[in-house]
Every structure is written in C-alpha cells, then in structure tokens.
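>
Protein chains: 2
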Amino acid sequence: MSRLRFRISMSLDGYVAGPNQSVENPLGVGGMRVHEWVFPLEIFRRTHGLEGGVANESTPVVEEWLESVGATVMGRNMFGGHPGPWKAEQPWNGWWGDDPPFHHPVFVLTHYPREPLVMKGGTTFTFVTDGIEAALAAARRAAGGKDVGLGGGASAARQYLAAGLVDQMDISLAPVLLGSGERLFDGVGDDLHGLALVRTVVAPGVVHLRLARS
Amino acid sequence: MSRLRFRISMSLDGYVAGPNQSVENPLGVGGMRVHEWVFPLEIFRRTHGLEGGVANESTPVVEEWLESVGATVMGRNMFGGHPGPWKAEQPWNGWWGDDPPFHHPVFVLTHYPREPLVMKGGTTFTFVTDGIEAALAAARRAAGGKDVGLGGGASAARQYLAAGLVDQMDISLAPVLLGSGERLFDGVGDDLHGLALVRTVVAPGVVHLRLARS
Chain A
1 MSRLRFRISM
11 SLDGYVAGPN
21 QSVENPLGVG
31 GMRVHEWVFP
41 LEIFRRTHGL
51 EGGVANESTP
61 VVEEWLESVG
71 ATVMGRNMFG
81 GHPGPWKAEQ
91 PWNGWWGDDP
101 PFHHPVFVLT
111 HYPREPLVMK
121 GGTTFTFVTD
131 GIEAALAAAR
141 RAAGGKDVGL
151 GGGASAARQY
161 LAAGLVDQMD
171 ISLAPVLLGS
181 GERLFDGVGD
191 DLHGLALVRT
201 VVAPGVVHLR
211 LARS
Chain B
215 MSRLRFRISM
225 SLDGYVAGPN
235 QSVENPLGVG
245 GMRVHEWVFP
255 LEIFRRTHGL
265 EGGVANESTP
275 VVEEWLESVG
285 ATVMGRNMFG
295 GHPGPWKAEQ
305 PWNGWWGDDP
315 PFHHPVFVLT
325 HYPREPLVMK
335 GGTTFTFVTD
345 GIEAALAAAR
355 RAAGGKDVGL
365 GGGASAARQY
375 LAAGLVDQMD
385 ISLAPVLLGS
395 GERLFDGVGD
405 DLHGLALVRT
415 VVAPGVVHLR
425 LARS
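Here the protein sequences come in this chain order: A and B. Counting with the numbering used here, you get residues 1 to 214 for the letters of the first sequence. Counting with the numbering used here, you get residues 215 to 428 for the letters of the second sequence.
1) For chain B, find out if any of its Cβ atoms is closer than 8 Å to the Cβ of Leu-4/A; answer yes or no.
2) Just to confirm, are Tyr-112/A and Trp-92/A a CB contact at a threshold of 8 Å?
3) Identify whether Ala-357/B lies in helix, strand or coil by the three-state DSSP scheme.
4) Going by beta-carbon coordinates alone, are Leu-340/B and Phe-321/B separated by less than 8 Å?
5) Could you name the residues of chain A that Gly-403/B contacts, counting a contact when the two beta carbons are closer than 8 Å?
6) Would Thr-273/B and Val-202/A be called neighbours here (beta carbons separated by less than 8 Å)?
7) What residues from chain A crowd round Thr-414/B, counting only those whose CB sits closer than 7 Å?
8) Please give the ranges of any beta strand (DSSP E) in the stretch 143–214 of chain A, keeping only runs that are unbroken, at least 3 residues long and fully inside the region.
9) From this set, Gly-393/B, Asp-227/B, Gly-403/B, Ala-410/B, which residue's C-alpha is nearest Asp-384/B's C-alpha?
10) Does any residue of chain B have a CB that is nearer than 8 Å to the CB of Phe-185/A?
11) Our contact map puts Gly-75/A next to Gly-144/A with C-beta atoms below 8 Å; I'd like the distance itself, whole angstroms only.
12) Closest to Glu-36/A by C-alpha separation, out of Gly-205/A, Ser-2/A, Tyr-15/A, would be which residue?
13) Hey, Asp-99/A and Met-119/A are a contact pair by Cβ (cut 8 Å); roughly how many whole angstroms apart?
14) Any idea what DSSP makes of Leu-331/B, helix, strand or coil?
15) Please report the distance separating the alpha-carbon of Gln-235/B from that of Glu-51/A.
16) In three-state terms, what does DSSP make of Phe-102/A?
17) Ignore the nearest five residues each way along the sequence and tell me which others in Gly-308/B's own chain have a CB closer than 6 Å to its CB.
18) Could you check which residue in Arg-5/A, Thr-72/A, Gly-149/A, Phe-44/A has the C-alpha nearest to that of Pro-105/A?
19) Chain A partners of Ala-231/B, CB-CB under 7 Å?
20) Please work out which residues of its chain come closer than 7 Å, Cβ to Cβ, to Gly-228/B, disregarding the five sequence neighbours upstream and downstream, and give them in chain order.
21) I need the straight-line Cα distance from Pro-26/A to Ser-155/A, nearest angstrom please.
22) Might you give, ordered along the chain, the residues of its own chain that have their beta carbon closer than 7 Å to the beta carbon of Ala-465/B, omitting 5 neighbours on each side?
23) Distance check for Ala-139/A and Ala-376/B, CA to CA, integer angstroms please.
24) Taking all protein chains shown into account, do 16 or more other C-beta atoms lie within 10 angstroms of the C-beta of Arg-260/B, making it buried, or fewer, making it exposed?
25) Going by DSSP, what residue range makes up the alpha helix (DSSP H) through Arg-219/B?
26) So, Pro-389/B versus Leu-209/A, is the Cβ gap smaller than 8 Å?
27) Using CA coordinates, which residue listed in Gly-393/B, Gly-367/B, Gly-366/B, Leu-406/B is at the minimum distance from Asp-381/B?
28) With 16 as the cutoff for other CB atoms within 10 Å, does Ser-428/B come out buried or exposed?
29) Spatial neighbours of Gly-363/B within its chain, please: CB distance less than 7 Å, with the 5 preceding and 5 following residues excluded, ordered by chain position.
30) Whole angstroms are fine: how far does the CA of Arg-33/A sit from the CA of Gly-49/A?
31) Where does Leu-178/A land, buried or exposed, given buried means 16+ other C-beta within 10 angstroms?
32) Listing by chain order, which chain A residues have their CB less than 7 Å from the CB of Gly-244/B?
33) If Leu-136/A and Leu-165/A are in contact, beta carbons under 8 Å, what's the gap, nearest whole angstrom?
34) Answer yes or no: do Pro-254/B and Gly-267/B have a C-beta to C-beta separation smaller than 8 Å?
35) Classify Val-61/A as helix, strand or coil using the three-state DSSP reduction.
36) Fully enclosed by the stretch 31–57 of chain A, which alpha helix (DSSP H) runs are 4 residues long or longer?
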C-alpha cells in the first residue's frame with residue numbers, strides 16, 4: 001500500500017510559519033528561522049543548483065525525503081496561493097517555475113476547476129475540487145506503487161492529519177520560538193490516529209522526529 | 215552563580231496541561247498523557263514511596279533533576295491554587311502534604327502576604343508578594359550556592375521565560391496531542407534569550423530536550 005508521507009519543520013512553540021504570510025513572504029515574518037538547519041547542507045544546496053555545503057546527521061534524513069515518492073498532494077497555497085477562480089486570460093502557474101522540483105504528478109487541492117498543467121521535467125499539476133480523499137486516491141493511482149508525499153502547506157496537512165489519513169510524519173523540530181504565526185496542529189484535535197514516535201535523529205540545530213503507524 | 219533551572223513535560227502540540235484544570239484535576243483533561251513516560255520508572259516510583267519499576271534512558275535525566283537544587287520558586291497554583299487572600303481561621307497549606315518532597319526552602323509567588331509555613335522534612339514555604347525577580351533573588355540567597363528550581367506551573371514559567379531569567383530548561387517532549395489546554399510558550403514571544411539546544415536524550419515515549427545558555 002502506498003503510504004501518505006508528510007514532512008515539515010516546526011518551532012519549539014509549534015509554528016510552521018510566522019505571522020503575516022504573503023505571496024512575497026510565504027513563510028511569514030521570522031518563519032525562515034525554523035528552516036535554518038537545512039541551508040548549510042550540501043544536499044540542500046545541490047538540489048537547489050548551488051555548490052558547496054556540509055554533510056551532517058541531517059543529510060540521510062533529507063535524502064530519505066526524496067526517495068520513493070511517486071506523487072504529491074498539496075494545498076493551493078503551496079502551489080502558489082490564488083485568491084479566487086483561475087483566469088484563463090491571465091494564467092498563474094504557481095511559484096515553482098517552469099521546471100518544478102517534483103518530476104512526478106502533483107495534485108492540488110482547490111475549489112476552482114482547471115485543466116491539468118503540464119510543466120517541464122515530468123511535473124504535471126492536476127487540480128482536484130472534490131476533496132482531500134479524492135486527491136489522495138488520485139495521487140495513489142498515479143504514484144505507481146511508490147508513496148504519496150503531502151507537500152503542505154499547513155492547512156492541507158491539518159486536514160489530512162485530522163482525517164487520520166497520514167501514515168508517516170517527519171517533524172524537524174527547530175529549537176527556536178516564533179511566538180505567533182501558523183501552528184501545525186491547531187484544530188487537529190487530540191488524536192494522532194495511531195501515529196507513534198518511531199525514530200529520533202539529533203543533528204546540528206534540529207531534532208528530527210518520525211511518527212508512523214506501528 | 216546559582217542557575218535558575220526549569221523542567222516540564224510538553225505535548226507535541228505545545229501543551230503542558232489539558233483543558234478544564236481544577237483543584238481536583240490540576241493537569242486538566244488528558245494532561246496526564248504528557249507524563250506517562252515517567253510512571254513506569256523505578257526512580258519515579260521509589261521517590262513516591264512505591265516499589266518496582268524499570269530503568270531506561272530517562273532514568274539519568276530524572277536523577278539530574280533532583281541534584282544540586284537548593285531552593286525552589288513556584289507559582290501559587292503549583293503550591294495549591296487559592297482564589298484570594300489567605301484565611302487565618304481556615305489555613306490552606308497546599309497540596310504537598312505534611313512532608314513535602316522539596317526538603318529545602320520554597321518561595322511561592324502570590325499577591326497575598328502570609329507568614330512562612332514550616333513543614334516537616336526541611337521544606338519551608340515563604341510567600342513572596344513583590345514579584346518574580348524578588349522571589350528569585352530570595353531563592354538564590356537561600357540555595358546556599360546550589361541552583362534554584364523553577365517548580366512551575368506554566369504561568370510562573372512563562373513569566374520567568376519572558377523575562378529572560380531562565381538559565382536551563384529541560385523539556386520532556388511527549389509524542390502525543392492534547393488539542394487544547396495550557397500552552398507553555400503562549401505569550402512568551404519569539405526570544406529564547408540565549409537558550410540553545412545543548413542536549414537531546416531519546417527514551418521510551420519521550421524525547422528530553424535541554425536548552426541552556428551557551
């Protein structure tokens with residue numbers, strides 16, 4: 001069975017983005033601080049077209065993220081927030097560029113129908129208007145036996161968590177406070193639906209917690 | 215310099231107590247779940263007058279809590295919440311019993327003056343009405359060169375954290391969700407005042423994070 005996997009960086013006080021998120025600043029004010037552990041890594045720099053960088057205990061954790069994911073589900077904010085219906089005369093193709101880093105089918109949760117968007121490098125964005133379960137089912141069919149990645153944002157993650165549809169969750173806990181912003185678990189309730197802590201990796205500036213069904 | 219040390223168990227979604235806290239249920243509904251990792255431990259059972267129990271990676275962490283603390287500061291809820299002025303005709307001596315487990319001077323933050331309360335076993339409760347810094351200064355004088363423990367509850371902890379007065383914070387992170395209740399970091403802001411992650415101990419059902427001034 002193809003699993004639904006999810007990863008996110010979170011502050012010690014539970015925030016995954018700072019306040020005042022916008023198209024210009026999708027992580028919100030200060031939100032970059034929960035990601036600071038990843039930027040020095042050679043594997044991060046290489047996959048973003050940069051040279052140099054270091055390897056540490058986070059390297060194999062980041063490598064695993066990229067493995068065995070055959071399709072991605074994401075919220076419309078993660079695709080590139082749009083305020084309403086898609087406009088045929090002014091198409092908005094998200095903020096991932098012409099050659100998005102997915103290289104596999106991506107299913108975008110939205111209230112507004114739109115034809116699929118075929119990008120370079122094997123990424124196709126398919127827009128799903130009939131809910132999170134339909135999007136997950138479509139992604140599983142498209143994943144070719146591999147896992148489905150839940151690409152975020154936090155709102156989409158909360159919906160899948162609350163519905164008990166997440167099979168594995170990697171939280172990269174950054175020892176910082178954001179103080180305000182968007183919390184991962186707001187409104188999710190008190191039930192992890194069988195997800196239990198199965199692995200902890202300690203690395204410079206971060207603790208990687210893996211919760212999975214046992 | 216005597217350090218102000220603080221330890222607390224917290225859920226993955228940042229709660230240190232569940233909703234609907236009361237004198238009968240000081241941890242709130244479901245709040246016990248963040249403490250479940252400690253109950254099986256032999257060291258916990260022994261210090262609570264019980265036999266049996268196990269040792270695991272949490273054992274040395276719990277042992278350290280008890281070491282080198284010469285005085286304790288706590289909020290009035292931790293002493294045993296009282297709704298208003300102390301009543302001489304109906305004294306309330308907290309919920310720690312006749313022989314409290316501190317065995318050293320304890321300074322209770324309160325708005326209502328009261329004479330010190332001398333208990334069995336070396337514990338004296340002194341009631342401090344002139345604020346957190348005065349209580350800390352008194353505790354440091356009383357600690358005899360040892361550290362000062364911040365006994366909680368969450369409200370007192372938040373005040374010391376926001377003021378930048380905490381020198382070491384041990385968070386025992388339980389991989390559960392409470393969904394609602396009292397959050398440790400609400401209103402603390404986005405500044406840890408130099409506290410950085412210096413140690414992580416992974417144990418059954420819990421990850422112990424230590425933040426301290428570097």
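The beta carbon of each residue, even a glycine, is placed where N, CA and C say it ideally should be. What you are looking at is a predicted structure, and each value in this text was computed from that prediction instead of being measured.
Looking at the coordinates:
1) no
2) no
3) coil
4) Checking the displayed sequence, the identity of residue 340/B turns out to be Thr instead of Leu. It is a contact, given that the beta carbons lie within the stated cut-off.
5) Leu-177, Gly-179
6) no
7) Val-202, Val-207
8) 147–150, 168–174, 195–203, 206–213
9) Ala-410/B
10) yes
11) Between Gly-144/A and Gly-75/A the Cβ distance is about 23 Å, and since that is not below 8 Å, they are no contact.
12) Gly-205/A
13) 7 Å
14) strand
15) 54 Å
16) coil
17) Phe-293, Gly-294
18) Thr-72/A
19) None at all; the shortest Cβ gap to chain A is about 13 Å.
20) Arg-397, Leu-398, Phe-399
21) 13 Å
22) Here chain B covers residues 215 to 428 and nothing more, so residue 465/B does not appear.
23) 45 Å
24) exposed
25) Note, Arg-219/B: premise wrong, no alpha helix (DSSP H); beta strand (DSSP E) at 218–225.
26) yes
27) Leu-406/B
28) exposed
29) Arg-219, Val-283, Thr-286
30) 22 Å
31) buried
32) Asp-190
33) 6 Å
34) yes
35) helix
36) 42–47
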